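J.: Mind looking over this structure? Questions follow.
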Amino acid sequence: MMNRRDAIARLMAFTGVAMVGADAFLSGCRPEKRSWTAFTPADVATLDEIGDTILPATDTPGAKAVGIGAFMAKMVNDCYDDRSHGVFADGLRKIDDLSRARHGRAFAQCSPAERTALLEEVHREERSSSAAQTPGAAPHYFRLMRELTLIGYFSSEIGCTKALRYVETPGSYNGNVPYRPGDRAWYNPMHRLG
19 MMNRRDAIAR LMAFTGVAMV GADAFLSGCR PEKRSWTAFT PADVATLDEI GDTILPATDT
79 PGAKAVGIGA FMAKMVNDCY DDRSHGVFAD GLRKIDDLSR ARHGRAFAQC SPAERTALLE
139 EVHREERSSS AAQTPGAAPH YFRLMRELTL IGYFSSEIGC TKALRYVETP GSYNGNVPYR
199 PGDRAWYNPM HRLG
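Numbered per our numbering, the sequence shown spans residues 19 to 212.
Below you can see the structure in the form of structure tokens.
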């Protein structure tokens, strides 16, 4: 049986993501009394739209199709420590506040172009924030949202079978598979790292 750290390390290697909030994520996976309230259905709907703006539908379904909002809410509620939960929840409010200031309506009610422009602005803020360079500082809320979107999408059935080429059972080794530009990466659930 694989332990949680190995599973997360393999998922990060698989998706190519370095998870900044990994310590908060791992330390939060333990039962204890929490000081926060759970996300509302409106919060989950907003997280769906944030996720779908990060990974929109193209020739494959987008993040909203996998229920990314419910996934993010579940992961943050169940696995993040109080500090990271607070950063994430405050960030969700900041995105909605910024949307109301820019467009006069909540993020979930904006057009796809407005959502994209707003999240690009938040991403620029994240990249320039001092928290990104300060060891021990809480990660930026948008970094957490992007990471959970990638993890949730690429560990879902849709992400594994529609966005990636999926091999249900391992076959024989073929070290010379032709590659064409634009081919999707392979996913094999039996793949072992290192």
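Glycine included, each C-beta is placed from N, C-alpha and C at the ideal position.
For clarity, every value in this text was computed on a predicted model and none was experimentally measured.
(1) Please report the residue range of the alpha helix (DSSP H) in which L73 lies.
(2) Near P89, which residues of its chain fall below 6 angstroms by C-beta distance, leaving aside the five closest residues on each side in sequence?
(3) Between E67 and Q127, what straight-line distance do the alpha-carbon atoms span, to the nearest angstrom?
(4) DSSP on R202, reduced to helix/strand/coil?
(5) Taking buried to mean at least 16 other C-beta atoms within 10 Å of its own C-beta, is V84 buried or exposed?
(6) To the nearest angstrom, report how far apart L100 and A155 are at their CA atoms.
(7) Determine, using beta carbons only, whether V94 and F125 come nearer to each other than 9 angstroms.
(8) Comparing C-alpha positions only, which one of V195, R111 and F172 sits nearest to T78?
(9) Please indicate yes or no: does the CB of A81 lie closer than 8 angstroms to some heavy atom of the ligand MG?
(10) Could you check what DSSP says for R183 in three-state terms: helix, strand or coil?
(11) Given this structure, state the Cα-to-Cα distance separating P196 from A81, to the nearest angstrom.
(12) Would you please state the rounded distance, in angstroms, between the beta carbons of L136 and R120? I believe it to be under 8 angstroms.
(13) Counting only runs that start and end within the stretch 84-168, where is the alpha helix (DSSP H) found for 4 or more residues in a row?
(14) Taking the beta carbon of R123 as the centre, do at least 16 other beta carbons fall within 10 Å, making it buried, or is it exposed?
(15) Whole angstroms are fine: how far does the CA of L73 sit from the CA of D115?
(16) Would DSSP call G80 helix, strand or coil?
(17) With C-beta atoms as the reference, is R164 less than 9 angstroms away from H141?
T.: Checking against the coordinates, here is how it stands:
(1) Neither: L73 is in no alpha helix (DSSP H) and is coded neither H nor E.
(2) According to the sequence shown, residue 89 is Phe rather than Pro. Residues of the same chain with a CB within less than 6 angstroms of the CB of F89, apart from the 5 flanking positions on each side, are G170 in chain order.
(3) So the two alpha carbons sit approximately 9 angstroms from each other.
(4) For R202, the three-state secondary structure derived from DSSP is coil.
(5) With 16 or more other CB atoms across the displayed protein chains lying within 10 angstroms of its CB, V84 is buried.
(6) Checking the sequence, you will find Asp at residue 100 rather than Leu. Whole-angstrom Cα-Cα distance: 14 angstroms.
(7) Contact flag unset, no.
(8) Among V195, R111 and F172, the Cα nearest to that of T78 is on F172.
(9) Questions concerning the ligand MG fall outside what the structure shown contains, since it holds no ligand whatsoever.
(10) R183: strand per DSSP, three-state reduction.
(11) Those two C-alpha atoms are separated by around 29 angstroms.
(12) At roughly 6 angstroms, the Cβ-Cβ gap stays under 8 angstroms, so L136 and R120 are in contact.
(13) Qualifying alpha helix (DSSP H) stretches, in chain order: 86-97, 100-121 and 130-146.
(14) Counting Cβ neighbours within 10 Å, R123 comes out exposed, since fewer than 16 surround it.
(15) Each residue's alpha carbon lies about 22 angstroms from the other.
(16) G80 carries a coil assignment under DSSP once its states are collapsed to helix, strand and coil.
(17) Less than 9 angstroms separates the beta-carbon of R164 from that of H141.
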